[in-house]
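In what follows, a single structure is set out as structure tokens and then discussed.
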Amino acid sequence: MNDEQQNPSPSDDPVNDRVREIHEVPAVELINTAAVHLMTASAVKVGLADMPNAEELIDLDEARKLITALAGLVTSAAPEIGSQHAGPLRDGLRSLQLAFREASTFPDAPGKGPGEKYTGAVN
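Mapping the sequence shown onto the UniProt record's numbering, position 101 (from 1) lands on 101, and the numbers just tick up by one.
Following this line, the structure appears as structure tokens:
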């Protein structure tokens, strides 16, 4: 084995490549990306997917967890990312909370819905 095979260069290592890429991404972009993934998954789980089988994908137990995680992220990150980024995330979160309430057969009491321990009651 030659030296190159024993000690691959950093550019041959996919983990190093990802680390190099991620260090260039501003925190606000990473936070927004995570929030968008949580929002998208929540929307699917509450039945808002734009698909013929959207109703089959509803899972309110899973949606509750995702919305609560999103609420925690948005609430805790808002002071750090500023209102220009936090505002749209809060709006999306509120829409998901309302959609969850609407999709629920037995809606939660005010203040007890998903994420409401972080956001306060949503109506």
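Positions of the beta carbon are idealized from the N, C-alpha and C atoms, including for glycine. Quick caveat, the model's predicted, so the values are computed rather than measured.
Proximity to residue 41 [Cα-Cα], best of 67, 52, 56 and 32: It is 67 whose Cα lies nearest to the Cα of residue 41.
Residue range of the unbroken alpha helix (DSSP H) whose run includes residue 32: Unbroken alpha helix (DSSP H) run through residue 32: 27-45.
Per-residue DSSP class, three states only, for residue 4: With a pLDDT of 49 at residue 4, under the threshold of 50, the modelled position of this residue cannot be trusted; read the value that follows with caution. DSSP places residue 4 in helix when its eight states are reduced to three.
Contacting residues, own chain, Cβ-Cβ under 8 Å from residue 101 (five flanking each side not counted): Excluding residues within five positions, the ones whose Cβ falls inside 8 Å are 107, 108, 113 and 122.
Inter-residue spacing [alpha-carbon to alpha-carbon] between residue 104 and residue 26: Straight-line Cα distance between these residues: approximately 37 Å.
Neighbour-count burial assignment, residue 97, 16 or more Cβ in a 10 Å radius: With at least 16 other beta carbons inside 10 angstroms of its own, residue 97 counts as buried.
Residue 4 burial status per 10 Å Cβ neighbour count (16 or more: buried): Since pLDDT at residue 4 reaches only 49, below the 50 mark, its modelled position is unreliable, and no value is offered.
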